[in-house]
Amino acid sequence: MRNWTAVIPVKRLNAAKTRLRGAVPADRHPELALAMVRDTAAAVLAASSVAGLLVVTDDPEVRATVRELGARVVPDPGGGLNAAMRFGADEVAGLSAHRAVLAGDLPALRPEQLDEALAGATGRGFVPDAAAIGTVLLAAPAGWALDPRFGGPSAAAHAESGASMLHGDWPGLRQDVDTAADLDAVLTLGAGPRTCGLLRELGRATECAPAA
């Protein structure tokens, strides 16, 4: 049943993924960030539980790319990542909707993994990243404020805020990309076609299966 509104905040590409710089040539770094956003958005929109995707961004290339996929775009209100998430989830989508915010760098995400995670969210729930330190997803069913605590050791912060950790075998959902090692990990899992194609072109991958 398609009843969740997914929200993805995306920085301007020239300021995105600073810890990943050097993994590809500097002039291709924004292209890599955009490829990961596109693969993530495509997987989210293919999930049977997702009614729509809302992207919060001020970047014109991101706007054009995700609109082409079928997402709705709203401007970043300023104030950082958590402010962008609250704006998209609680103000634009509204507290009457089931809302889930996700990282925009999940190029190995499979739609069925997102469906399974959201099926377990009966209250505020979160999915930690592969290192169990950060957070890749925070869900808030209708009537619940999102109350995001992203940044730093956010998995512990979300648990302390009363959110429940969602459990499942979701390697593509949990593997965000902050470093070159993370990039290798998503290639092992099977990156989406845009990310995979770019990395093959740059010699970072010889082959990789599409993620969705």
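The letter at position 173 of the sequence shown is residue 173 when you use full-length UniProt numbering, and the numbering goes up by one with no holes. No residue lacks a Cβ here, since even glycine has one placed at the ideal position from N, Cα and C. Keep in mind the model is a prediction, meaning the values are calculated, not measured.
For L202, DSSP assigns no beta-bridge partner whatsoever. Rounded to the nearest whole angstrom, the CA to CA distance from R174 to R110 is 11 Å. In the assembly as shown, P128 is a buried residue. Its beta-carbon has 16 or more other beta-carbons within 10 Å. Taking the Cα positions, A84 is about 13 Å away from A6. Scanning L138, A191, A41, T195 for the CA closest to the CA of G123 turns up L138. Cβ neighbours of R67 within its own chain (closer than 7 Å, five residues either side excluded): V73. Counting the other Cβ atoms within 10 Å of the Cβ of P107 gives 16 or more, which makes it buried.
By the criterion of at least three beta-carbon pairs nearer than 8 Å, the segment 166 to 183 is not in contact with the segment 141 to 148. With 16 or more other CB atoms across the displayed protein chains lying within 10 angstroms of its CB, I8 is buried. The C-beta of D27 has fewer than 16 other C-beta atoms within 10 Å across all chains shown, which makes the residue exposed.
If you look at L137, you'll find it in the beta strand (DSSP E) that goes 135 to 140. Counting every other CB atom within 10 Å of its CB across the protein chains shown gives A131 a total below 16, marking it as exposed. Collapsing the DSSP output to three states places T40 in a helix.
Per the DSSP secondary-structure output, P128 pairs in a beta bridge with T135. In terms of Cβ geometry, D105 and A41 do not form a close pair [threshold 9 Å]. Cβ-Cβ distances below 7 Å link L118 to W4, S49, A100, A139 in the same chain, with the five nearest sequence neighbours on each side left out; the list follows chain order. The C-alpha of A23 is placed about 36 Å away from the C-alpha of E91.
Each residue's CA atom was taken as its position, placing A159 and T135 some 10 Å apart.
In the DSSP assignment, S164 is bridged to G125. Within the segment 176 to 201, the complete alpha helix (DSSP H) runs of at least 4 residues fall at 180 to 189, 193 to 201.
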